[in-house]
Amino acid sequence: MTQNKPMIVTCGLPYANGMAHIGHLRTYIPADIYVRSQRKRGRDVVFICGSDTHGTPVVVNAEQEKMTPKELVTIYHDHFLNIFTKMGVHFDAFGTTDDVENHNRTKDIVQKLMDNGYVYPKTIEIAYCPSCDRFLPDRYVEGTCPHCSAIARGDECDQGCGKPLEPGELIAPRCTVCKNPAEYKKQEHYFFKLTEFDSFLKEYLETLRGTDNAVNYAKGWVTQGLEDWCITRNLDWGVSFPGKEDLVVYVWVDAPIGYIAFTEEWAKKTGQPDAWKKFWQNASAKSGAVSNTDSDIVHFIGGDIVYHHCIFWPAMLKGSGYSLPTDVVASGMVKIEDRKFSKSRGYVVWVGDDYLKHGFHPDLLRYYLSSYTSHTKELNYSWKMLQEKINAELVAVLGNLFYRTLLFAYKNFGEVPDGTVNLEILDKIRDITTASVAALEEYEFKKYTDTVMELASYANTYFQSNEPWALIKTDKEKCGNVVYNCLQLVKAVAVLFEPVAPAKMQEAWTQLGFSGEISETGYDEALVPLVPRTKLTQPAILFEKLEDDKIAEMEQIANDRVTAALEKAGLKREEKTTVKDEKKKDNKADSKKDNKTDAKTDKENKKDGNKKMDTHDAGTEAIVEISIDDFFKTQIKVGKILSAETIEKSTKLYKIMVDVGEESPRQIVSGIRAYYEIDQLVGKKVCVVMNLKPAKLCGVQSQGMILAADDGDGKVSLLTPDQDLKPGSDVC
């Protein structure tokens, strides 16, 4: 990225119909870290977000709460802004999609699309409820997905294949309000000619930066073929469609336009009303270029809205003459206590009620979310893991460095002692700064935190190896130079770590004797030598250990929530659900046997069950009951077979390499050689059990299980998704 180009960073808009949870922060915390880092590099960045206030989810919730949509969104807009502020996420503008600026900008863009021939009317069938006497847009209707046969809502197959759905596509629709069957009636609606942008999108996606999970996913969708997109709905709440007061634009039209409208609000607030144009109506947009070379527009989003931001949104911008996004950064999904995130099942952690109100410092969660795993990977939130990371890393490494160094300097000198920075230490600080900044350019937040923590570990080693507690007794001047270098390292770590833990690093900055805001210091400040004789104050401990009893309390709250949710759904924790799982027990026994008998021939292993290692028999075997909690422990993802080869010691096994969305493919041994040729396997999408304990089969390591079905009469079939899902997609 060019340093002097205007940069705007946005976050996907939170829906103003519920409270903030940990899953939300997976987007906003990394975005805030990125913005703080860019500012430390000298970039002039505008950070934009706001509340998504339109669409059926808001209207449905408002009806349930017996209030108007406006009243509902005002409550939750204030809630999110309050949570973000407490978590140290500070936007330059945080508006709502119901602001007058967004109404006006949406109508302008839709009108431009109509004028340019990209919007047209079409009579289609819309779900209608005779009992409620109204048309049923989006969440007002549910039925069967026409693509995968899962239960789906009107605008998306949220429980199955994930495909966006157009009005009229659901099979056997029913009203979500009265639960009665719906019928289809014809009505005129308006469509966006997405198909006109096929060639543009293919070229544009080759220039789009960001994370691979976003760009590659979008490329896959375009390859499958685009369809025109219905952009109107039967609602009273929303942005009126130009010339049709009985229709509003679809929420996924006006929501991303909010990014532009909120930039306009920022521009007006700062006294430069036309400043928004340098981001959104620059020379690249006016020239019709496929890429934006005049501003950096970076979108941080959840992984579930890639389609909208990489396909719908750039097509809308292109068709109306606005600047295109340069980067789309998509986060991985969030799990709670190793379970799939689910508010209905109780697997959720509320940022306010569960975290902040219990006295946990915001910076601890910021560190956990940024350092747990790569930004594009699945993140598991666990109270026990939070405790382990904070105690072993922030307390034992970072906090220990700050407190021991500052306390020793304060007690023995009372000020920054005389000294000069060792060249080796300057080189280390410079190298760490370069590496950490490079990591954020690739949106690798874990790598950033790990790199800065490496400098903290280096500083601890330097302090320990120079033994200032002994040196002070024999050579105070030499000890002073050691302490000076330790304090310089502390300063550098504070500057580098500020984007991750801004409040705690401000405390450290003050303890070092500095005035002003550490957030306003650039990365170069890490190399600026400390001024000797700067007065120090008695330091306070920055990071306290998370005690067992507090974590136990939080785990009990989480357990109680899950129990209550299951009971509400008609289940109890001790109740059972049934699956045909006897073969899993056989497979474990087989794996143990194979570990001891790798050298056996296939003939000797005839009855060892290798063929069944990744199949479930159909038939009359006993059904073993497990709890619903046990069922959700199994992690199954979609994988793509990259290669397969025979195993010399076996006539039944293949060694298969499978892409499951991780950094490198998994090696899995599968007993399907008798049923599939290698050329039938390569490229096939399959279902993979991810968290099975690794085992050796005929001397070959297996890191998972490929699921298949066996009818007991010699027919074996791999379980495959009926849609083209990306590797790593959850099977749920």
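So that you can map any letter, position 291 of the sequence shown is 291 in UniProt numbering, and since no number is skipped, the others follow by simple counting. C-beta atoms are modelled at their ideal positions from N, C-alpha and C, and glycine is treated no differently. Nothing here was measured: the structure is a model prediction, and the numbers come from that model.
Residues V290, S291, P314, K318, L324 of the same chain have their beta carbon placed closer than 8 Å to that of Y204, with the five preceding and five following residues left out of the count. Per DSSP, the unbroken alpha helix (DSSP H) holding Y217 starts and ends at 212–224.
With contacts defined by Cβ atoms closer than 8 Å, V9 and Y34 form a contacting pair. In the structure shown, the three-state DSSP call for S344 is coil.
If you draw a straight line from the Cα of G414 to the Cα of Q488, it is about 16 Å long.
Ranked by Cα distance from D353, the first of A558, G480, T195, G302 is A558. Between the segment 459–473 and the segment 481–501 there are three or more C-beta pairs closer than 8 Å, enough to call the two in contact.
For H189, the enclosing beta strand (DSSP E) starts and ends at 183–192.
Between the alpha carbons of E169 and H189 lies a distance of about 14 Å. Under the 8 Å Cβ criterion, the segment 233–250 counts as touching the segment 136–143, having at least three qualifying pairs. Remark: fewer than three beta-carbon pairs, one from each stretch, lie closer than 8 Å, so the segment 694–714 and the segment 280–300 are not flagged as touching.
Inter-residue distance for V177 and G143 is about 13 Å (C-alpha atoms, whole angstroms). Within the model, the alpha-carbon separation for E477 versus S457 is close to 25 Å. Fully enclosed alpha helix (DSSP H) runs of no fewer than 4 residues occupy 283–287, 313–320 of the segment 280–348, in order along the chain. Within the same chain, and ignoring the five residues on either side of Q387 in sequence, the residues whose Cβ sits closer than 7 Å to its Cβ are L546, I551. The criterion of a C-beta distance shorter than 8 Å is satisfied by Y128 and A182. Across the set Y462, N460, I432, A459, the C-alpha of I432 shows the shortest separation from the C-alpha of Y448.
Annotated three-state conformation of T176 is coil, per DSSP.
When DSSP assignments are scanned along the UniProt domain "TRNA-binding" (636–729), the uninterrupted stretches of beta strand (DSSP E) that are 3 or more residues long and fall wholly within it turn out to be 636–646, 654–659, 666–670, 685–689, 695–697, 700–702, 708–710, 716–718. The segment 155–169 makes no contact with the segment 261–279, as fewer than three CB pairs between them are under 8 Å.
Taking 8 Å as the cut-off, the beta carbon of M505 is found no closer than this to the beta carbon of F514.
For L527, same chain residues with a beta-carbon under 8 Å away, outside a window of 5 residues either side, are L426, I429, R430, T433, A492 in chain order. Shortest Cα-Cα distance from A501 to any of L13, D450, G88 involves G88. Distance from the CA atom of G117 to the CA atom of K107, rounded to whole angstroms, is 15 Å.
Of all C-beta pairs linking the segment 530–548 to the segment 397–408, three or more are shorter than 8 Å, placing the two stretches in contact. Taking 8 Å as the cut-off, the Cβ atoms of G321 and A275 do not count as close.
Within its own chain, the residues whose Cβ lies closer than 7 Å to the Cβ of R533, once the five positions on either side in sequence are excluded, are E415, V416, listed in chain order. In the three-state reduction of the DSSP assignment, W509 falls in the helix class. Contact between the segment 39–54 and the segment 69–84 is present: three or more C-beta pairs spanning the two stretches fall below 8 Å. The bridge partners DSSP lists for V46 are I8.
The DSSP assignment places complete alpha helix (DSSP H) segments of no fewer than 4 residues inside the segment 463–543 at 468–474, 476–497, 502–511, in order along the chain. When beta bridges are read from the DSSP output, S370 appears opposite no residue. Residues F191, F192, K193, L194, T195 of the same chain have their beta carbon placed closer than 7 Å to that of D228, with the five preceding and five following residues left out of the count. Residue environment analysis places Q511 among the buried positions, since at least 16 neighbouring C-beta atoms fall within 10 angstroms of its C-beta. Under the three-state reduction of DSSP, A20 is assigned to coil, being neither helix nor strand.
Separation of M67 and P665 (C-alpha to C-alpha, rounded to the nearest whole angstrom) is 51 Å.
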